[in-house]
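Novice: In the numbering used here, the protein residues as written are 785 to 1046. Where a beta carbon is used, it is the ideal one built from N, C-alpha and C, also for glycine. Here it is, the structure in full.
Below, the structure written as structure tokens:
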């Protein structure tokens, strides 16, 4: 297959094969981007519906059980039982969700790989589903377990490499299976970490590595392909641009982030 030179040496862009169902899908995707994209989303929404339905089932069982206990009680106790079923059911749903989503994600993980290509491409379907699953938890329950040991367990189950004594005080994490946080790393409140970015009309999926005892400040942003050295600090509200390498023990800040001091 013909090979194109890439400005990103770690990636090789090859012409997509045009045979079989994969080739047919690729051609349709390029010719009818919005329509095929929309059709592709339908099974993903259906998958999300199944995941939410499975996760909410224990909550329904709890609700029905508590209501049955109070069926002959006073009106006040019946109301309390219903309220307890609803309130408790939310957290039962949440913890069920952070167990079910990683199980589904196990099927997707082998297809989540670094790469570079057109935004609309079947090569990124695995990555797309991986993030869809991540966001399903992020926008429903993740804030309620951030920062606690539970969000660390969740991110590990999603494929993130998380060392000991790590603190993640943010739910704004994408591409967890492509992120490495070594021992003692601190991610500040509402910081954003993405292992992807867009450039020159291409989507680039590139791992992020944050080495031991580094600190990412409040509301800072770390983009794809970044490597942050041991003991380094990124100041609050800074933006570390793609493919930046921050040496050990340096302090960086600003938009875009540059070296401030050693």
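To the nearest angstrom, how far is the alpha carbon of residue 815 from that of residue 863?
Specialist: Along the chain shown, read from residue 1 onward, the residue named residue 815 stands at position 31. Along the chain shown, read from residue 1 onward, the residue named residue 863 stands at position 79. Their Cα atoms are separated by approximately 57 Å.
Novice: Can you check which of these residues, 836, 837, 868 and 1020, is closest to residue 851 by C-alpha distance?
Specialist: Against the chain shown, residue 851 aligns to sequence position 67. It is 868 whose Cα lies nearest to the Cα of residue 851.
Novice: Out of curiosity, what's the CA-to-CA distance linking residue 886 and residue 941?
Specialist: On the chain shown, position 102 is the one that residue 886 refers to. On the chain shown, position 157 is the one that residue 941 refers to. Their backbone Cα atoms lie some 6 Å apart in a straight line.
Novice: Just the C-alpha distance for residue 826 and residue 1008, rounded to the nearest angstrom, thanks.
Specialist: The residue you call residue 826 lines up with position 42 of the chain shown. The residue you call residue 1008 lines up with position 224 of the chain shown. For residue 826 and residue 1008, the distance between alpha carbons rounds to 28 Å.
Novice: How would you label residue 943, buried or exposed, when you count the other beta carbons within 10 angstroms and need 16 or more for buried?
Specialist: Taking the first residue of the chain shown as position 1, residue 943 is located at position 159. Result: buried.
Novice: Inspect the CB distances between the segment 921–935 and the segment 945–963 and report whether three or more fall short of 8 Å.
Specialist: With a cut-off of 8 Å on Cβ pairs, the segment 921–935 is in contact with the segment 945–963, counting three or more such pairs.
Novice: So residue 914 is in the alpha helix (DSSP H); what residue range does that whole segment cover?
Specialist: Position 130 of the chain shown, counted from the first residue, corresponds to residue 914. Element bounds for residue 914: 909–922.
Novice: For residue 1022 and residue 1036, I'd like the C-alpha separation in whole angstroms.
Specialist: In the chain shown, counting from the first residue as 1, residue 1022 sits at position 238. In the chain shown, counting from the first residue as 1, residue 1036 sits at position 252. Spanning the two alpha carbons is a distance of roughly 8 Å.
Novice: Skipping 5 residues on each side, what residues in its chain have a beta carbon closer than 6 Å to that of residue 1029?
Specialist: Mapped onto the chain shown, residue 1029 falls at position 245. Closer than 6 Å at Cβ, skipping near neighbours: 1011.
Novice: For residue 949 and residue 971, what's the separation of their Cα atoms in angstroms?
Specialist: Start at 1 with the first residue of the chain shown, and residue 949 comes out as number 165. Start at 1 with the first residue of the chain shown, and residue 971 comes out as number 187. Going from the Cα of residue 949 to the Cα of residue 971 covers about 11 Å.
Novice: For residue 903, which residues in the same chain have their Cβ closer than 6 Å to its Cβ, ignoring the five residues on either side in sequence?
Specialist: Translated into positions along the chain shown, residue 903 becomes position 119. Excluding sequence neighbours, residue 903 sits near 987.
Novice: Under a three-way DSSP split, which group does residue 969 fall into?
Specialist: Walking along the chain shown from the start, residue 969 turns up at place 185. Collapsing the DSSP output to three states places residue 969 in coil.
Novice: Quick check on residue 1033: does DSSP put it in helix, strand or coil?
Specialist: Taking the chain shown and counting its residues from 1, one reaches residue 1033 at position 249. Correct three-state label for residue 1033: coil.
Novice: Tell me the rounded alpha-carbon separation between residue 998 and residue 1013.
Specialist: Numbered from 1 along the chain shown, position 214 holds the residue referred to as residue 998. Numbered from 1 along the chain shown, position 229 holds the residue referred to as residue 1013. Each residue's alpha carbon lies about 7 Å from the other.
Novice: To the nearest angstrom, report how far apart residue 1034 and residue 973 are at their CA atoms.
Specialist: Position 250 of the chain shown, counted from the start, is the residue given in the question as residue 1034. Position 189 of the chain shown, counted from the start, is the residue given in the question as residue 973. Going by the C-alpha atoms only, they are around 21 Å apart.
Novice: Could you give the distance in angstroms between the alpha-carbon of residue 1041 and the alpha-carbon of residue 976?
Specialist: For the purposes of this step, residue 1041 is taken as residue 257 along the chain shown, with counting starting at 1. For the purposes of this step, residue 976 is taken as residue 192 along the chain shown, with counting starting at 1. For residue 1041 and residue 976, the distance between alpha carbons rounds to 14 Å.
Novice: Quick one: Cα of residue 984 to Cα of residue 900, how far?
Specialist: In the chain shown, the residue the question calls residue 984 occupies position 200. In the chain shown, the residue the question calls residue 900 occupies position 116. So the two alpha carbons sit approximately 11 Å from each other.
Novice: Residues in its own chain within less than 8 Å of residue 793 by CB, not counting five upstream and five downstream?
Specialist: Along the chain shown, one-based indexing puts residue 793 at 9. Summary for residue 793: the model assigns pLDDT 45, below 50, so the residue's position carries little reliability; its value from the coordinates is reported in the next sentence. Cβ within range, chain order: n/a, list empty.
Novice: From what residue to what residue does the beta strand (DSSP E) around residue 1045 run?
Specialist: Taking the first residue of the chain shown as position 1, residue 1045 is located at position 261. 1042–1045 is the extent of the beta strand (DSSP E) around residue 1045.
Novice: Apply the 10 Å Cβ neighbour rule to residue 979 and answer buried if 16 or more other Cβ atoms are within range, or exposed otherwise.
Specialist: Position 195 of the chain shown, counted from the start, is the residue given in the question as residue 979. Counting of Cβ neighbours within 10 angstroms places residue 979 among the buried residues, the total reaching 16 or more.
Novice: Considering only the alpha carbon of each residue, which of 924, 926, 981 and 1015 lies closest to residue 1005?
Specialist: As a first step, residue 1005 must be located in the chain shown, where it is residue number 221. When only C-alpha atoms are compared, the closest one is 981.
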